[in-house]
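Single-structure report; data block below.
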Amino acid sequence: MQRQTLVVRTVAELRKVIRDFHAAGDTVGLVPTMGALHDGHIALVREARRRAARVVTTIFVNPTQFAPTEDLAKYPRTEAADLARLEEAGCDVLFAPASTEIYPAGFATTVSLEGPATVGLEDRFRPTHFAGVATVVAKLFTQSAADTALFGEKDYQQLCVVTRMARDLDLPIEVIGVPTVRESDGLAMSSRNRYLSPDERAKAPLLHRTLAQIAAALLGGTDVRSALSQGRHAIAAAGFALDYLEARHAISLAPVSGLAEGPVRLLVAARLGTTRLIDNIAVETSGN
Ligand code: PAF
């Protein structure tokens, strides 16, 4: 359904709009993003529409979750196209603040994390990343006072970290994970896929294929250590620089040595040229 999306830039405007929704008896679903929207984000908006009367999407390229060596400056910013997609998907409000609205002069507070944020996956390669994510997400939760917030399973560790933070800090919001949306060849949709050269794009689906093969091998009785070892070889042989390929408990993200310790999630991060790709699947008969 096409509806006009109201664009707000300040926390005061956002609070007023959401107060009015709640006063009218409407529930609110929040979809936090950094923009450059693709079908994976639109799936979050559509799921939010199913679960709440009103949908608020945020677009904010959050500087505190990028290390100085990462791609903050070149991260794609496509607000006009994003707005058109949000209108088509039936989003009520786009909150697109300036950096100074989120981090005013003198800002000095950061959420400190343990548990799923310190398990040696993304945190090993991006040590300051989740503090930046959690801080901005905690702010978006309290600024919006939304009833539910939707996050893609594609960033699986992020989903676990945010879920845990909301629970630990008693933030009155329900965090919901939405299955990864994939291209027809299995590549997980990501705003960073646009950085891939044609040759790299052709290789990229191997990550998902390998995860699916490992899941099938585990379900067929292969032990975790050999299944992961074969997967690591296949990924390296295809020309990726592998950061990690791991089997972890799906909620705590602790290492597992067998399916009996599950539910089990397979997680991978690897670089193709200068592009870093991540993906994950559940080990179950219909893993996403
Ligand atoms: O997943 C993202 O796009 C970002 O990490 C998030 C959750 C919007 C926080 O900046």
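Whatever position you read off the sequence shown (first residue = 1), add 59 for the working numbering.
C-beta: ideal position from N, C-alpha, C; glycine also.
In this text, all values refer to a predicted model and were calculated from it rather than measured experimentally.
**Prompt:** Just how far apart, CA to CA, sit ALA197 and ILE337?
**Reply:** When rounded, the separation of the alpha-carbon atoms in ALA197 and ILE337 is 24 Å.
**Asked** For the ligand PAF, which residues count as neighbours when the test is a C-beta closer than 6 Å to any heavy atom?
**Response** Sorted by position in the chain, PRO91, THR92, MET93, ASN121, GLN124, VAL192, VAL195, VAL196, ASP214, GLN217 make up the residues whose C-beta lies under 6 Å from a heavy atom of the ligand PAF.
**Item:** TYR162, enclosing alpha helix (DSSP H) - first and last residue
**Value:** Counting along the chain, TYR162 falls outside any alpha helix (DSSP H), and DSSP gives it neither H nor E.
**Message:** With a threshold of 6 Å on Cβ separation, who are the neighbours of ALA276 within its own chain once the five nearest residues in sequence on each side are excluded?
**Reply:** Apart from sequence neighbours up to five positions away, the residues of its chain that approach ALA276 with a beta-carbon distance below 6 Å are ALA286, ordered along the chain.
**Asked** Between the Cα of GLU146 and the Cα atoms of PHE189, ARG113, PRO314, which residue gives the shortest distance?
**Response** Considering only alpha carbons, the answer is ARG113.
**Message:** Quick check: LEU331 and ASN339, are their CB atoms within less than 9 Å of each other?
**Reply:** Their beta carbons are not under 9 Å apart, which means LEU331 does not touch ASN339 by this criterion.
**Request:** Return yes when the Cβ of GLU181 is within less than 9 Å of the Cβ of ALA208, no when it is not.
**Result:** For ALA208 and GLU181, no; Cβs fall outside 9 Å.
**Item:** Cβ shell of VAL240 (< 7 Å), same chain only, five flanking positions each side left out
**Value:** Shown here for VAL240: same chain residues with a beta carbon closer than 7 Å to its own, the five before and five after excluded, namely ASP98, GLY99, ALA102, MET248 in chain order.
**Prompt:** With VAL283 and SER316 assumed to form a contact (beta carbons below 8 Å), what rounded beta-carbon distance in angstroms separates them?
**Reply:** So it is a contact: roughly 6 Å between Cβ atoms.
**Message:** Restricting to Cα atoms, I'd like to know which of GLU305, ARG324, ARG136, GLN63 is closest to ALA95.
**Reply:** Out of GLU305, ARG324, ARG136, GLN63, ARG136 has the C-alpha closest to the C-alpha of ALA95.
**Item:** Contacting residues, own chain, Cβ-Cβ under 7 Å from ALA148 (five flanking each side not counted)
**Value:** Around ALA148, the same chain offers ILE101, VAL104, ARG105 as residues with beta carbons nearer than 7 Å, after the five sequence neighbours per side are excluded.
**Asked** Anyone know if the C-beta pair for VAL342 and GLN202 falls short of 9 Å?
**Response** No, they are not a contact pair.
**Asked** Just checking my contact of LEU65 with VAL152 at CB under 8 Å: how many whole Å lie between their CB atoms?
**Response** So it is a contact: roughly 5 Å between Cβ atoms.
**Message:** Excluding the 5 residues flanking GLU305 on each side, which residues of the same chain have their C-beta closer than 6 Å to its C-beta?
**Reply:** Contacts found: LEU326.
**Separation of HIS188 from GLY280, as counted between CA atoms** = Between GLY280 and HIS188, the C-alpha separation is close to 36 Å.
**Asked** Taking one C-beta from the region 72–85 and one from the region 119–139 each time, how about it: are there three or more such pairs within less than 8 Å?
**Response** Too few Cβ pairs lie closer than 8 Å, so no.
**Request:** Look up PHE80 in the DSSP assignment and say whether it is helix, strand or coil.
**Result:** Assignment of PHE80 by DSSP, reduced to helix, strand and coil, places it in the helix class.
**Helix, strand or coil at ASN339 according to DSSP, with G and I counted as helix** = It is a strand residue.
**Message:** Am I right that ARG307 and ALA313 are in contact with their C-beta atoms under 8 Å? What's the rounded C-beta distance?
**Reply:** The beta carbons of ARG307 and ALA313 sit about 6 Å from each other, so the pair counts as a contact at 8 Å.
**Item:** Beta bridge counterpart(s) of GLY236 as assigned by DSSP
**Value:** Looking at the DSSP output, GLY236 sits in a beta bridge with PHE210.
**Request:** Measure from the alpha carbon of GLU242 to the alpha carbon of each residue in ILE235, ASN252, GLY211, then state which is nearest.
**Result:** For GLU242, the closest C-alpha among the options ILE235, ASN252, GLY211 is that of ASN252.
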